[in-house]
Amino acid sequence: MAADILCIGSVLWDIIGRSPVNMQLGADVPGRITRLPGGVAMNIAMTLTRFGLRPAVLSAIGRDPAGDELVNAAALMGIDCDCLYRSDDLPTDRYMAVEAANGLIAAIADAHSLEAAGDKILRPLADGRLGSAAEPWSGPVALDGNLTEALIAEIARSPLFAAADLRVAPASPGKAERLIPLLGHPRVTFYVNLEEAGIICQRRFDDAVAAAEGMLARGAKRVLVTDGGRAAACGATGLPGPAVLSLAPPAVMVTRVTGAGDTFMAAHVVAERQGADRATALEQAIAAAARYVSGDIAS
Numbered sequence: 001m002a003a004d005i006l007c008i009g010s011v012l013w014d015i016i017g018r019s020p021v022n023m024q025l026g027a028d029v030p031g032r033i034t035r036l037p038g039g040v041a042m043n044i045a046m047t048l049t050r051f052g053l054r055p056a057v058l059s060a061i062g063r064d065p066a067g068d069e070l071v072n073a074a075a076l077m078g079i080d081c082d083c084l085y086r087s088d089d090l091p092t093d094r095y096m097a098v099e100a101a102n103g104l105i106a107a108i109a110d111a112h113s114l115e116a117a118g119d120k121i122l123r124p125l126a127d128g129r130l131g132s133a134a135e136p137w138s139g140p141v142a143l144d145g146n147l148t149e150a151l152i153a154e155i156a157r158s159p160l161f162a163a164a165d166l167r168v169a170p171a172s173p174g175k176a177e178r179l180i181p182l183l184g185h186p187r188v189t190f191y192v193n194l195e196e197a198g199i200i201c202q203r204r205f206d207d208a209v210a211a212a213e214g215m216l217a218r219g220a221k222r223v224l225v226t227d228g229g230r231a232a233a234c235g236a237t238g239l240p241g242p243a244v245l246s247l248a249p250p251a252v253m254v255t256r257v258t259g260a261g262d263t264f265m266a267a268h269v270v271a272e273r274q275g276a277d278r279a280t281a282l283e284q285a286i287a288a289a290a291r292y293v294s295g296d297i298a299s
């Protein structure tokens with residue numbers, strides 16, 4: 001069965017420690033530690049399967065026990081792993097985070113194998129399995145900023161992506177600058193939070209509307225900006241209606257934060273795929289993210 005969407009970027013194990021109490025620097029508190037399939041590309045793919053789509057992931061996974069477990073877990077969820085790059089000498093990547101009642105305390109992303117694999121993960125787009133330079137992939141692509149800046153710059157000008165609907169997320173504020181080569185690309189939609197928008201635009205923004213306006217001024221054609229529990233914004237050029245729309249999320253009890261942005265992005269892609277207009281797609285994405293952070297959507 002052909003894939004509905006490609007998810008390109010980090011596919012790894014999430015190791016998350018969660019505590020129901022507030023934490024400060026140096027705190028030592030009781031809680032739960034879980035290991036789940038994760039990474040931006042994987043989180044998006046998992047959300048897409050819940051909406052009935054069949055995503056394929058392009059990433060680098062080691063030929064180690066952790067990699068075998070990860071591929072098996074993804075396949076059981078209905079994610080197409082046939083085009084993954086499996087490395088004999090690179091270990092499977094990992095992400096570790098600590099979350100508490102007062103939000104994300106700290107996180108470390110070990111995506112060195114993905115970075116080392118480079119453009120090897122894109123081979124299926126060139127060798128005919130998913131497309132070629134002559135007949136490029138023409139469907140949606142979810143792309144994350146865990147790829148190197150050099151590879152993202154290559155994607156920005158590559159004929160392999162000339163017909164794709166590119167949906168791009170930084171993965172973290174520390175990797176937001178990697179997306180700068182994609183500014184001005186006519187087929188890119190950016191999904192960023194307030195901090196990431198500020199890094200890309202090299203200025204501070206007070207809210208998501210200002211950030212969306214700033215991203216458009218920097219050359220983005222379409223952008224969605226989230227700001228935690230405050231209003232999110234959707235900006236676009238060349239479309240009917242106002243350039244920037246804004247909507248506040250519902251108030252919910254936050255039980256987790258890792259993966260919320262990926263859920264927002266996946267829900268927005270699905271809404272647009274189903275024909276929703278800009279306002280409705282934004283509303284549905286916000287609602288899905290709110291359900292996720294409240295714990296109503298399973299990991």
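Numbering follows the UniProt record's numbering, in which position 41 of the sequence shown is assigned residue number 41; successive positions increment by one, without gaps. Here a beta-carbon is modelled for each residue, glycine too, at the ideal position from N, C-alpha and C. This one's a predicted model, so the numbers in the text were calculated from it and none came from an experiment.
Asked                                                                                                                                              : Found
Is residue 129 helix, strand or coil when you go by DSSP?                                                                                          : coil
Between the region 206–216 and the region 168–176, are three or more C-beta pairs nearer than 8 Å?                                                 : no
Tell me which residue opens and which closes the beta strand (DSSP E) that residue 56 is part of.                                                  : 55–58
Residue 246 to residue 233, Cα distance in whole Å?                                                                                                : 4 Å
By Cβ distance, which residues of its chain are closer than 8 Å to residue 294, with the 5 residues on each side in sequence left out?             : 252, 253, 254, 255
For residue 47, is the classification buried or exposed, using 16 other Cβ atoms within 10 angstroms of its Cβ as the cut-off for buried?          : buried
What first and last residue would you give for the beta strand (DSSP E) that runs through residue 237?                                             : Where residue 237 is concerned, there is no enclosing beta strand (DSSP E), given that its DSSP letter is neither H nor E.
Just verifying my parser: in three-state terms, what is the DSSP assignment at residue 7?                                                          : strand
Just verifying my parser: in three-state terms, what is the DSSP assignment at residue 33?                                                         : strand
Quick one: using the 10 Å Cβ neighbour count with 16 as the cut-off for buried, is residue 196 buried or exposed?                                  : buried
Using a Cβ distance threshold of 8 Å, determine whether the region 47–56 contacts the region 16–33, with at least three qualifying pairs required. : no
Return helix, strand or coil for residue 99, following the three-state DSSP convention.                                                            : strand
List the DSSP bridge partners of residue 108.                                                                                                      : 96
Locate the beta strand (DSSP E) running through residue 249, then write down its first and last residues.                                          : Careful: residue 249 lies outside any beta strand (DSSP E) and carries neither H nor E.
Taking 8 Å as the cut-off, decide whether the C-beta atoms of residue 124 and residue 81 are in contact.                                           : no
Nearest by alpha-carbon distance to residue 13: which of 235, 78, 65, 106 is it?                                                                   : 65
Could you tell me whether the Cβ atoms of residue 235 and residue 215 are closer together than 8 Å?                                                : yes
Taking buried to mean at least 16 other C-beta atoms within 10 Å of its own C-beta, is residue 221 buried or exposed?                              : buried
Closer than 7 Å to a non-hydrogen atom of the ligand PLP - does that hold for the CB of residue 149?                                               : Looking for the ligand PLP in the displayed structure turns up nothing, as the structure carries no ligands at all.
Which residue's Cα is closest to the Cα of residue 94: 114, 128, 78, 104?                                                                          : 114
Could you tell me which of 149, 223, 36, 4 sits nearest to residue 72, measuring between CA atoms?                                                 : 36
Can you tell me whether residue 134 is helix, strand or coil according to DSSP?                                                                    : coil
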